[in-house]
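J.: The following block contains the structure, expressed as structure tokens.
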Amino acid sequence: MNAGSLARWFVVFAFLVFPGAAFAAAPLDIALSADGRNPPSPQMGDRLTFHSVIRNTGSAPAQGLVAWISLVRVDAGHERPVDLEDWSALKALTRSAVAPGERIEAEWPMRLIQAGDYRVVISAVDRGAVRVVTSPFADFHVRRKPVVESRRILPVAFGMPFLLGGIVLVRWARKR
Amino acid sequence: MSIEIADLKLVLHGRPILNGIRMSMREGEIYGLLGENGAGKSTTLSVATGLRAATSGKVAVLGMDPVRRRADLHRAIGVLSEQGGFYGWMTAHDSLRWFAQLYGIRLSRGAAADLLVRVGLDPGNRGPVRVFSHGMKQRLGLARAILHRPRLLILDEPTNGLDPRGRKDIHDLLTDLNRREGVGILLCTHLLEDVEQLCGRIGVIRRGETLVEGGLAELAVPRGGLQDYYLNLVGTENAS
Amino acid sequence: MNPILSLTRKESGELLSSGRGLAWLTALTVVLSVLSLLLVSDTELSLLDNAQVVYMVMGTIAALGALLAVVSGSDSLAGERERGSLIPLLLTPLRTDEIVLGKMSGQVVAWCVTYLLSLPYLWAVGGGGQNLPQAILALALFGTPLVLGFGFFSLGLSARFGNVRTALSTSLVALALLASPVLLGPGLRQSAVGRMFDAVNPFSAALNAFDSVVIDSQPFLAQATRFAVVLVWLLLAMAFAGRSARDMEI
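Chains as they are written, first to last, in our numbering: chain A, 5 to 180; chain B, 1293 to 1532; chain C, 13 to 262.
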């Protein structure tokens, strides 16, 4: 059995087992673009904004829509999903229903915490969906900005306790 | 009158502590307040110095209400409390000079040294008070009590824990203060020897109540001395 | 010298001269040093945005200042009582409110020393970045009433309980409760109860002000409500301390 006939069998099977799910899921379309005011070569500490438009292209309303933002680091040797905790306060949006043809526009602001190559994507599902719908990727690079300098910290971090300790010792020696 | 107390009653947390204290201490005399441990001596002193308000009765010290004119009263009296209450990290010098500041007095190093000599402490000692013996702390407490030249001294167990030499030194100092400077002294103690050597009049209290008050000569001498009189008095009361 | 100033000098002397006080200050610098060293040695932390790092250090300084204030406040009157030095103090011509004022001034000095010791750390982690002067000013403006409020509150408990251990444990519970937003994280703070708690909690007000001024570069004027919260906290704690000392039993 070749792949094409397997796929056809799968569709027939899905129709028989999940008739509601297969055909009630509203087709969603997601567009993603970077804000025109974003810095062209962002560095750590800068803020970026992305705009998404989620559109119900089907004829039935999409019930219980959830859309969320995902960020992955993609530079070689550092590939991993990023915990958005420090990056963005807005991580997801929800709508109880999206009417056919309706557009949901959203802004996704983020603060750049770490240097590297990143790929951002918006995903969405509705209650009847059988698969997740994703936007195209938006890629960006964050330049490194050394913010905590050891040149300043090390003398202070070692100097202050030693200074106080020295005062304690001098006072102790004087008392004796 | 230095101290005048009439029918003093004090109730704390619903419990009667003082049930009728009376006391008449004249200007410039040394008065002994006697009583066993827990009789109410220290509590009476706390009312007389304005640290506690009486529930009822009359209290006047140097003609002042101790609660209403507490600050004025404290400028006029010197108190040696049972607990030394010094800051262990200060030297004796620093301690006296610091307390003097609280009285608004600028005590020079020389004046502080004189005070220390007067109570029998070495003015050259630069050690912190925390290493002082009990006797040294008592002497320092006495120096603190007289540093602002009070008219009345209230001393709670001043010779407690002192050796015979130390007790004699304190007796001499108190006698000197009384005779040469006219300072009245209220001596609160359970050491009868102190009372016999120093006091002209005494009051005996027991269970928060004054049992008897009068001249030492008229009360104790006809009854075989203070010890016999006191034990007889307290014993009689215990038996009753 | 004014008697209240003498008392203040004694209180600050205890902090700056006694072994216990110096040990506290040394511990403070050690904690800030460890935090700073973590910032350079930990790759995640060292790459944090500059303002974020300054904010973290400010929060730590405020928390340590409050902890020191709570410990010294709990000891202030109850400790004197337990060591037998309260009665000689009460037997001086100083009024009770003057004694309390002297003790409070001692706490002000302690916070000033803490603040001054923390400045090199703020400079070390925030120098060359954004909003360092604002951070230093915000720590003074919001940290001072916050920390002193905790100190005065503990002083009141110290007078009320007359026992260092009880006063200290109660003060620490209060400190942990009010500092809980820092421990709870943003999730719980977004609930209705969390938002209400945040609105009246002086710790949250100070931290949110640090966040707004240092990270979000907002003007100080926009922090008026938060300043009012920490100021009310300070005044309430002051009134509580004064009232408790007046009612104090010897």
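Where is the CB? At the ideal position from N, CA and C, for every residue including glycine. Computed from a predicted structure; not experimentally measured.
1) Along the chain, where does the alpha helix (DSSP H) containing Gly168(C) start, and where does it finish?
2) Is Cys124(C) helix, strand or coil when you go by DSSP?
3) Hey, would you say Glu1374(B) sits closer than 8 Å to Asp1448(B), going by beta carbons?
4) Indicate the three-state DSSP secondary structure (helix, strand or coil) for Tyr1379(B) in the structure shown.
5) Measure how close the beta-carbons of Ala90(C) and Phe165(C) come, nearest whole angstrom, since I'm counting them as under 8 Å.
6) Output the distance between the C-alpha atoms of Gly163(C) and Gly1342(B), rounded to the nearest integer angstrom.
7) Report the option in Val43(C), Thr126(C), Val212(C) whose CA atom is closest to the CA atom of Phe162(A).
8) Nearest CA to the CA of Glu1296(B): which residue from Gly1495(B), Tyr1521(B), Glu1473(B), Arg1389(B)?
9) DSSP on Asn1329(B), reduced to helix/strand/coil?
10) Using only the alpha-carbon positions, how far apart do Leu69(A) and Ala35(A) sit?
11) Am I right that Ser48(C) and Tyr133(C) are in contact with their C-beta atoms under 8 Å? What's the rounded C-beta distance?
12) For a cutoff of 8 Å on Cβ pairs, would you count Asn175(C) as touching chain A?
13) Does any CB atom of chain C fall closer than 8 Å to the CB of Gly62(A)?
14) Can Glu111(A) and Thr53(A) be called in contact, C-beta distance under 8 Å?
15) Is there a Cβ from chain C that is less than 8 Å from the Cβ of Tyr1323(B)?
16) In angstroms with no decimal places, state the Cα-to-Cα distance between Ala28(A) and Ala64(A).
17) Does the beta carbon of Leu27(C) sit closer than 8 Å to a beta carbon anywhere in chain A?
18) At what residues does the alpha helix (DSSP H) containing Phe54(A) begin and finish?
19) Since Gly1349(B) is in the alpha helix (DSSP H), which residue starts that stretch and which ends it?
20) Would you give the residue range spanned by the alpha helix (DSSP H) that Val244(C) belongs to?
21) Quick one: what does DSSP say Ala191(C) is sitting in, helix, strand or coil?
22) Using the three-state DSSP reduction, which class does Gly1427(B) fall into: helix, strand or coil?
23) Write down the C-beta distance between Leu1302(B) and Thr1347(B) rounded to the nearest angstrom, noting that I regard them as a contact closer than 8 Å.
24) Just to make sure I have the definition right: I need the residues of chain C whose C-beta is within less than 9 Å of the C-beta of Thr1481(B). Which are they?
25) Determine, for Gly24(A), whether the minimum Cβ-Cβ distance to residues of chain C falls below 8 Å.
26) Taking the continuous beta strand (DSSP E) assigned at Leu97(A), which residues delimit it?
27) When the Cα atoms are used, what is the spatial distance from Leu1413(B) to Met1428(B)?
28) Can you tell me whether DSSP reads Thr1481(B) as helix, strand or coil?
29) How big is the Cα-Cα spacing for Met164(A) and Ala1352(B)?
30) Taking Cβ-Cβ distances below 8 Å as the criterion, which residues of the region 129-143 of chain C are in contact with chain A?
31) Do you know offhand how far Phe1391(B)'s Cα is from Trp36(C)'s?
32) Using 8 Å as the threshold, is the region 102-114 of chain C in touch with the region 1358-1376 of chain B, meaning 3 or more CB pairs across them?
33) Along the beta strand (DSSP E) that carries Gln67(A), what are the first and last residues, could you check?
34) Let's test the definition: count the other Cβ atoms within 10 Å of the Cβ of Asn1524(B) and tell me whether it reaches 16, buried, or not, exposed.
35) Exposed or buried, what is Arg156(A) when buried is set at 16 or more other beta-carbons lying within 10 Å of its beta-carbon?
T.: A quick look at the data gives this:
1) In the third sequence, the residue the question calls residue 168(C) occupies position 156. Per DSSP, Gly168(C) belongs to the alpha helix (DSSP H) from 156-173.
2) For the purposes of this step, residue 124(C) is identified with residue 112 of the third sequence, where counting begins at 1. Helix, per DSSP.
3) Numbered from its first residue, the second sequence carries residue 1374(B) at position 82. Numbered from its first residue, the second sequence carries residue 1448(B) at position 156. In this structure, Asp1448(B) lies closer than 8 Å to Glu1374(B) by Cβ.
4) As a first step, residue 1379(B) is located in the second sequence; it is residue number 87 there, counting from the start. Tyr1379(B) falls in the coil class under three-state DSSP.
5) Here residue 90(C) refers to the residue found at position 78 of the third sequence. Here residue 165(C) refers to the residue found at position 153 of the third sequence. With 8 Å as the limit, Ala90(C) and Phe165(C) do not qualify as a contact, their Cβ atoms being about 14 Å apart.
6) What you label residue 163(C) is simply residue 151 of the third sequence in a count that begins at 1. What you label residue 1342(B) is simply residue 50 of the second sequence in a count that begins at 1. Straight-line Cα distance between these residues: approximately 28 Å.
7) In the first sequence, counting from the first residue as 1, residue 162(A) sits at position 158. Per the Cα distances, Val43(C).
8) In the second sequence, the residue the question calls residue 1296(B) occupies position 4. Glu1296(B) has its Cα closest to that of Gly1495(B), out of Gly1495(B), Tyr1521(B), Glu1473(B), Arg1389(B).
9) In the second sequence, counting from the first residue as 1, residue 1329(B) sits at position 37. If DSSP states are grouped into helix, strand and coil, Asn1329(B) belongs with coil.
10) Mapped onto the first sequence, residue 69(A) falls at position 65. Mapped onto the first sequence, residue 35(A) falls at position 31. Their backbone Cα atoms lie some 16 Å apart in a straight line.
11) The residue given as residue 48(C) occupies position 36 in the third sequence. The residue given as residue 133(C) occupies position 121 in the third sequence. Right, their Cβ atoms sit about 6 Å apart.
12) What you label residue 175(C) is simply residue 163 of the third sequence in a count that begins at 1. No - not a single Cβ of chain A is within 8 Å of the one on Asn175(C).
13) Working through the first sequence from its first residue, we reach residue 62(A) at position 58. No, no contact with chain C.
14) On the first sequence, position 107 is the one that residue 111(A) refers to. On the first sequence, position 49 is the one that residue 53(A) refers to. It is a contact, given that the beta carbons lie within the stated cut-off.
15) For the purposes of this step, residue 1323(B) is taken as residue 31 along the second sequence, with counting starting at 1. It does not; no Cβ of chain C falls within 8 Å.
16) As a position in the first sequence, residue 28(A) is number 24, starting the count at 1. As a position in the first sequence, residue 64(A) is number 60, starting the count at 1. Here Ala28(A) scores only 49 on pLDDT, less than 50, and its place in the model should not be relied on; the value that follows carries that caveat. In a straight line, the C-alpha of Ala28(A) is about 7 Å away from that of Ala64(A).
17) Locating residue 27(C) in the third sequence gives position 15, where the first residue counts as 1. Cβ-Cβ to chain A under 8 Å: no for Leu27(C).
18) Reading the first sequence from its first residue, position 50 is the one you call residue 54(A). Here Phe54(A) belongs to no alpha helix (DSSP H); instead the beta strand (DSSP E) covers 51-60.
19) Position 57 of the second sequence holds residue 1349(B). Counting along the chain, Gly1349(B) falls outside any alpha helix (DSSP H), though it belongs to the beta strand (DSSP E) covering 1348-1353.
20) By one-based count along the third sequence, residue 244(C) stands at place 232. It spans 236-258 - the alpha helix (DSSP H) in which Val244(C) sits, taken as one unbroken run.
21) One-based indexing of the third sequence puts residue 191(C) at position 179. Here Ala191(C) sits in coil by DSSP.
22) Within the second sequence, numbered from 1, the residue matching residue 1427(B) stands at position 135. In the structure shown, Gly1427(B) sits in a helix (DSSP, three-state: H, G or I).
23) On the second sequence, position 10 is the one that residue 1302(B) refers to. On the second sequence, position 55 is the one that residue 1347(B) refers to. With 8 Å as the limit, Leu1302(B) and Thr1347(B) qualify as a contact, their Cβ atoms being about 5 Å apart.
24) On the second sequence, residue 1481(B) is found 189 positions in, with the first residue counted as 1. Result: empty, since nearest Cβ-Cβ is about 18 Å, beyond 9 Å.
25) Residue 24(A) sits at position 20 when you count from the first residue of the first sequence. In this predicted model, Gly24(A) has a pLDDT of only 40, less than 50, meaning its place in the structure is not dependable enough to derive any value.
26) Walking along the first sequence from the start, residue 97(A) turns up at place 93. Its beta strand (DSSP E) spans residues 96-102.
27) Locating residue 1413(B) in the second sequence gives position 121, counting from the first residue. Locating residue 1428(B) in the second sequence gives position 136, counting from the first residue. When rounded, the distance between both Cα atoms is 7 Å.
28) Here the question's residue 1481(B) lines up with position 189 in the second sequence. Correct three-state label for Thr1481(B): strand.
29) For the purposes of this step, residue 164(A) is taken as residue 160 along the first sequence, with counting starting at 1. For the purposes of this step, residue 1352(B) is taken as residue 60 along the second sequence, with counting starting at 1. Each residue's Cα considered, the two are about 57 Å apart.
30) Leu129, Pro132, Tyr133, Trp135, Ala136, Val137, Gly139, Gly140, Gly141, Gln142
31) As a working mapping, residue 1391(B) is identified with position 99 in the second sequence. As a working mapping, residue 36(C) is identified with position 24 in the third sequence. Between Phe1391(B) and Trp36(C), the C-alpha separation is close to 26 Å.
32) yes
33) Position 63 of the first sequence, counting from 1, holds the residue named residue 67(A). From DSSP, the beta strand (DSSP E) with Gln67(A) extends over 66-77.
34) If you number the second sequence from 1, residue 1524(B) lands on position 232. With fewer than 16 Cβ atoms within 10 Å of its Cβ, Asn1524(B) is classed as exposed.
35) As a first step, residue 156(A) is located in the first sequence; it is residue number 152 there, counting from the start. Buried, because 16 or more other Cβ atoms sit within 10 Å of the Cβ of Arg156(A).
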